[in-house]
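First to last, the protein sequences are chains A and B. The first sequence begins at 6 in the working numbering and counts up one residue at a time. The second sequence begins at 619 in the working numbering and counts up one residue at a time. A virtual CB, placed ideally from N, CA and C, is assigned to each residue, including glycine. Please read all numbers here as calculations on a predicted model, not as lab measurements. One structure below.
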Amino acid sequence: MRKVIALLLGGIVCLPAMARAEKERKSPLTDAPVIRKRLELRDKRFEFGVGAGVSIGQDFYNALLVMPKLSYHFTDWISLAGVGGFNMTPSWKSSFNNDINGALPTGGATIKSPYAADAQATMNHIGYVLLGQVEFIPLSGKIALVSSLFSYFDFYVLAGGGVVNLAAKDAMPGACAGSPPLCQAFTTTELTGNAGVGAHAFLSHYAALNLEFRDLIYKNNASGRDVNGDSVTDTHDLQWSNNWIFSLNVQFFVPFKAKISR
Amino acid sequence: MKRLSLGLIVILANLGVAKVSLAQDPEAAAPDKAGGDKTAPVDTSPSLELDLTDVTGSETPEATKKPTEAAGAPRKSWEDIVVVPRKAFLKKHRLELAPFAGITLNDPLIRHYSFGGDLNYYITDVLSIGAEGQYFIKELSERESLVGLQYYLVPTLNKLKYHYALAFGYVPGYGKFGLFNKWIVHWDLTFALGLGMIRTEIIPRAFGDKSFTNDDIVGHVGVGVRLFVLDWLTLSVTFRDYMYKDVFEFKGRDGLVHSDGSSASNDVAAVKSASQSSQSQFVQNIMMFFSIGLYVPPSFSYRTPR
């Protein structure tokens, strides 16, 4: 009987202790960040620089843009940026433009096809873009190149808006005259959406290469001619267009020294 | 009474053992948690993977001093544990089967969707040799449909049918990212170089005209990013530029005649011959692919000591 009482007593005393032991059995790594002593290369830093951008898949004119960029990183993973893009090559024709130009008559009798010069006049191109964007940086880390060069990297997504200026050689050539006109270049400064992805490859604690691939989404009538089949050219001929731009910048960060995380 | 005393002594002894175990368990559990995968040891040896010692900020001396200060003291938290994980994914002597879907990017008039696969064998961890094949589905763009309305012209276009090639792969870089500083994502950078054959077919400008096909030698270069998900599974995004000389429909097809003066506009051989002599053009197709990589054998083991 005494043996039974002793075992029961032992059980009662042991149970809470065992329960507590289970509860306190917690790895010291439980709340650890995945990377320690990490360089916080963006946190509370300004970023500025300039680079070049190139349009991809434009209908009539490709654009090579000079692209200054200024941004402020509120934390290591979110920032606000302003980007400009100024077209340095307004006459850089796409291969499709060359094909059209080569196929259209340059003079003489034409029944329906426009003359090449008139068609060229109303094709628009990017003049400049001014963009604002929020950058969200979920991924940051390091890369080893050929096992000997190391670089800090980050990937981000960007979204925002801005304006795009569209220009053309001659907004209303004589052959387009009419009311409403038969054709007219769409030359204006238009609101645009801005979405894309980007990456920084850090050359040092204060300098980085910055790649961005963005889509400018705006309404356009790149040819300046009838689109909806009503034989005139007006705002009803505008269509949403995707305009891809790839850019490469050299960016600098201030303060020049980056913080190090715990 | 003796038995009761003995029982109480056993209970107290048990409690003591339980407390000692409790004090030791977290340290024993540390490698599992810290490594994040089966290969992650606790290690303080220098490694390119960690390479945190190149941090030259003002806090570095403090950081390096800390372990010394902590020597002999009981470990309290994650700050006292150093972890150097190994390369997360080994490819050497493994076969990769990667089904993919792709899209052409640089033609405003015609878009092609592609479905196919890569089969690569990794000779080393960074070099591979393999084959790729894909089938294309065409889609004419809205711009193509407007050419007729706006310029009274019909574009001369070819559609892609299929492509196959031998390809060499090289992995110039690999890295890892902290996702929200909570999860590690391992990835690498891939380059590809290939040579193969592409079959294209003209889209006749005039409805009812017969078409012909071309078999063109095509070279390609590619660059991509691969994320490692499991020991046998990866996800990739790749850009490839396919370069070849293609033959388009002869512009003067309507007026093409045989030597006897009869019309040759529907004589495919004559049209193709005329096209080859005057309508050959260098073409670049830039494509983007998404692929899933499946690896055989599905697991790997490290051959070097920790």
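Nearest to residue i (by Cα), restricted to the options the options
| i | options | result |
| --- | --- | --- |
| A:Q138 | A:D220, A:L253, A:F257 and A:R267 | A:D220 |
| A:L75 | A:A68, A:G89 and A:N67 | A:G89 |
| B:K705 | B:A719, B:N724, B:S759 and B:D743 | B:D743 |
| A:N129 | A:L208, A:N254, A:S84 and A:S99 | A:S99 |
| A:P178 | A:S84, A:A121 and A:V169 | A:A121 |
| A:F155 | A:A108, A:F207 and A:V202 | A:F207 |
| B:D806 | B:I816, B:V836, B:V855 and B:H838 | B:V855 |
| B:N738 | B:A716, B:A888, B:V886 and B:I820 | B:A716 |
| B:E762 | A:A213, A:F101 and A:R47 | A:F101 |
| B:D601 | B:E714, B:F868 and B:Q897 | No information on residue 601 of chain B is available, as it lies outside the stretch 619 to 924 that chain B covers here. |
| A:W245 | A:G198, A:G113, A:S236 and A:K174 | A:G198 |
| A:N215 | A:G56, A:F51 and A:D36 | A:G56 |
| B:D736 | B:F786, B:V901 and B:V765 | B:F786 |
| A:A86 | A:Q189, A:G203 and A:V59 | A:G203 |
| A:S209 | A:M93, A:K147, A:A124 and A:D104 | A:K147 |
| A:C69 | A:G54, A:L44, A:S96 and A:P110 | The sequence given here places Leu at residue 69 of chain A; Cys does not occur at that position. Of A:G54, A:L44, A:S96 and A:P110, the residue nearest in Cα terms is A:S96. |
| A:A200 | A:A108, A:F251 and A:D235 | A:F251 |
| A:D242 | B:L767, B:F707 and B:G720 | B:L767 |
| A:P186 | A:D64, A:R267, A:K264 and A:T127 | A:T127 |
Residue i at chain A interface by Cβ criterion, 8 angstroms
| i | result |
| --- | --- |
| B:Y770 | yes |
| B:F798 | yes |
| B:L727 | yes |
| B:G911 | no |
| B:G583 | The structure shown has nothing for residue 583 of chain B, since chain B only spans 619 to 924. |
| B:P974 | Residue 974 of chain B cannot be examined here, being either before or after the span of chain B that is shown, 619 to 924. |
| B:V839 | no |
| B:V803 | yes |
| B:N724 | yes |
| B:Y920 | no |
| B:L874 | no |
| B:L758 | no |
Residue-chain proximity (residue i, chain B), Cβ-Cβ < 8 angstroms
| i | result |
| --- | --- |
| A:A108 | yes |
| A:L150 | yes |
| A:V232 | yes |
| A:P95 | no |
| A:F158 | yes |
| A:L144 | yes |
| A:A124 | yes |
| A:G113 | no |
| A:R220 | Sequence inspection shows Asp at residue 220 of chain A; the Arg mentioned does not correspond to that position. So, not an interface residue. |
| A:S84 | no |
| A:K117 | yes |
| A:F251 | no |
Reduced DSSP category for residue i - H, G, I as helix; E, B as strand; rest coil
| i | result |
| --- | --- |
| B:A824 | coil |
| B:G675 | Reliability fails at B:G675, whose pLDDT of 38 lies under 50, so the model's placement of it is uncertain and the value that follows must be treated cautiously. Of the three classes helix, strand and coil, the one that applies to B:G675 here is coil, per DSSP. |
| A:Y210 | Correcting the residue identity first, residue 210 of chain A is His in this sequence and not Tyr. Three-state result, A:H210: coil. |
| B:A706 | coil |
| B:Q894 | helix |
| A:L156 | It should be pointed out that residue 156 of chain A corresponds to Ser in this sequence rather than to Leu. It is a strand residue. |
| B:T722 | strand |
| B:S759 | coil |
| A:Q189 | coil |
| B:T831 | strand |
| A:N103 | helix |
| A:R219 | strand |
| A:A204 | strand |
| A:H130 | strand |
| B:L670 | The predicted position of B:L670 is uncertain, since its pLDDT is 38 and thus under 50; no value can be drawn from it. |
| B:D864 | strand |
| B:T852 | strand |
Other residues of its chain near residue i: CB distance less than 6 angstroms, five sequence neighbours each side excluded
| i | result |
| --- | --- |
| B:H730 | T722, F754, K756 and L778 |
| A:W249 | I61, G62 and D220 |
| B:Y740 | K709, K710, R712 and S746 |
| A:W82 | I142 |
| A:F51 | Y77 and V259 |
7 angstroms CB neighbourhood of residue i in its chain, flanking five on each side removed
| i | result |
| --- | --- |
| B:S759 | P726, L727, I728 and R729 |
| B:G852 | At residue 852 of chain B the sequence reads Thr, which differs from the Gly that was named. These residues qualify, in order along the chain: R844, L845, F846 and G911. |
| B:G561 | Only positions 619 to 924 of chain B appear in this structure, which leaves residue 561 of chain B out of reach. |
| B:G734 | F718, E750, G751, Q752 and Y753 |
| B:S896 | F868 |
Closer than 7 angstroms: residue i CB and nearest the ligand ATP heavy atom
| i | result |
| --- | --- |
| B:G791 | Ligands in the displayed structure: none, and consequently the ligand ATP is not present. |
Own chain partners of residue i with C-beta closer than 8 angstroms, once the 5 adjacent residues on each side are dropped
| i | result |
| --- | --- |
| A:G183 | V237 |
Touching or not, the segment 760-773 of chain B and the segment 744-752 of chain B, by the rule of three or more beta carbon pairs under 8 angstroms?
no
Below 8 angstroms, how does it come out for the segment 38-57 of chain A and the segment 188-198 of chain A: are there three or more Cβ pairs, yes or no?
no
Using 8 angstroms as the threshold, is the segment 820-833 of chain B in touch with the segment 798-810 of chain B, meaning 3 or more CB pairs across them?
no
Indicate whether the contact test is met: 3 or more Cβ pairs, each with one atom in the segment 105-123 of chain A and one in the segment 143-152 of chain A, closer than 8 angstroms.
no
Do the segment 162-173 of chain A and the segment 805-820 of chain B touch if we need at least three Cβ pairs shorter than 8 angstroms?
Taking 8 angstroms as the limit for Cβ pairs, the verdict is that the segment 805-820 of chain B does not touch the segment 162-173 of chain A.
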